[in-house]
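Below is one structure, written out as structure tokens; comments come after it.
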Amino acid sequence: MKKLTNIDRAVIEVNGGCNYTCAMCPQTTPEGKTGARGKNWLKKMPLEQFENIIAECAEYGVRIINLDGSGEATLMRNLPEYISIVKKYNAKPYIFSNGFNMSGNYMKECVDAGLAYFRFSIIGYNKQQYEKWMNRNAFEIVLGHAQEMVNYCKDKDTTIASYHLILDNDNMDYEVEQYRKNFIEVAGTSAEIWKMHNWSGVYDPKYGRDGETKTCGRPFSPDIVVRAGGLNGQTGAIHPCCQVLGNDDAAVLGHTSEQTLQEIWNGEPYKKLREQHTSGDYPDYCKGCDFLIDDPEVLVWSNYERSIYHMVGTEFSLKDFQYR
């Protein structure tokens with residue numbers, strides 16, 4: 268039995284739906300088609316359930332709580348209440364977002380509630396590319412929100428970041444230059460630019476990654492991913508990671524509405540997943556994932572020291588859990 272003794276980070280999705288329809292995201296695929304995110308996964312997590320999960324995570328020393336998962340957290344108008352609960356349990360609230368709603372009093376209320384880290388996801392290095400990839404004419408709007416938030420947080424203990432993806436591997440130098448010139452340096456964000464990823468094989472980015480295939484390390488690491496939705500009326504489903512978006516039904520390891528985290532961690536689905544990642548006989552929802560490829564060049568550029576083996580804010584290295 269692999270006993271759960273430590274949780275460094277918990278991703279607890281407060282809202283499963285999204286207000287964007289990005290070209291590369293399985294949220295965009297209509298329900299009923301391969302890679303779709305069905306209606307069972309588009310739920311909102313009640314405040315009481317959210318606190319119950321955090322309270323349990325706190326028993327294992329959780330340091331960071333991401334409130335995003337695979338949905339858009341800023342669609343929750345009472346998001347500051349969720350942030351306050353994270354602070355109540357002495358953890359740091361993180362949010363990865365498209366940033367469309369993050370402005371004005373709402374932004375200030377979230378920051379003042381104790382938000383430690385907010386990351387704008389910007390796919391597309393100019394107005395035209397942003398609209399093509401994120402399917403919304405909002406590049407300048409979101410850039411303004413990032414500038415506003417950076418200015419508001421100058422004297423606060425809140426990091427404002429941005430995340431960008433390379434659209435064409437043969438054009439990386441140009442895209443890095445454009446991202447820096449058009450967004451990063453204008454907004455003043457702490458920024459990262461990565462190669463495109465494939466949502467555990469659901470999305471085909473038309474180009475691959477190079478490197479040795481090995482376990483990503485996630486099934487062994489002190490990282491828990493909780494969805495707002497679940498199967499058969501259950502909620503709070505546990506997934507191996509956020510990359511299984513589009514494989515939501517197949518990748519369920521248990522439900523926090525029915526089991527404790529310890530029970531799920533020691534349950535047969537989690538045990539089988541670890542065995543598969545040890546043997547290399549990966550489950551269908553993992554075997555096409557490009558996170559299994561150990562590509563040292565996957566992080567193309569950042570304006571701060573950043574390890575590809577550390578998820579944002581975590582203390583552990585995934586490299587320590589790549590047993591194969």
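Residues 268 to 591 (the numbering used here) are what the sequence shown spells out, left to right. The C-beta atom is built at its ideal place from N, Cα and C for all residues, glycine as well. In this text, all values refer to a predicted model and were calculated from it rather than measured experimentally.
Handout entry: 7 Å Cβ shell around residue 527 - same chain, five flanking residues per side excluded
Key = 323
Assign residue 495 to buried or exposed, taking buried as 16 or more other Cβ atoms, counted over all protein chains shown, within 10 Å of its Cβ.
buried
| Nearest-angstrom beta carbon gap, residue 485 and residue 507 [assumed within contact, 8 Å] | 6 Å
ask   = Just reading off the beta strand (DSSP E) that residue 431 is part of, what are its end residues?
value = 426 to 432
Exercise for review: Measure the CB-CB distance between residue 378 and residue 423 and report whether it falls below 8 Å.
Suggested key: yes
Which residues mark the beginning and the end of the alpha helix (DSSP H) in which residue 354 is found? 346 to 355
**Prompt:** Do you know offhand how far residue 351's Cα is from residue 483's?
**Reply:** 32 Å
Length of the line joining the Cα atoms of residue 409 and residue 288: 16 Å
Check for me: the beta strand (DSSP E) holding residue 461 runs from which residue to which?
457 to 461
- Message: Here's the rule I'm using: 16 or more other beta-carbon atoms within 10 Å means buried, otherwise exposed. How should residue 515 be labelled?
- Response: buried
Task: Cβ-based neighbour list, residue 366, same chain, cut-off 6 Å, excluding 5 preceding and 5 following - done: 387, 409 and 412
Q) In the structure shown, what three-state DSSP assignment does residue 293 receive? A) helix
| said: Alpha carbons only, please: which of 553, 348 and 426 is nearest the one belonging to residue 519? | reply: 553
* **C-beta atoms of residue 427 and residue 417 nearer than 8 Å** => yes
Contact the stretch 463 to 481 vs the stretch 571 to 585: 3+ CB pairs below 8 Å
no
message = Can you look up residue 472 in the DSSP assignment and give me helix, strand or coil?
response = coil
Is it true that the stretch 308 to 325 meets the stretch 428 to 441, where meeting means three or more beta-carbon pairs spaced less than 8 Å apart?
no
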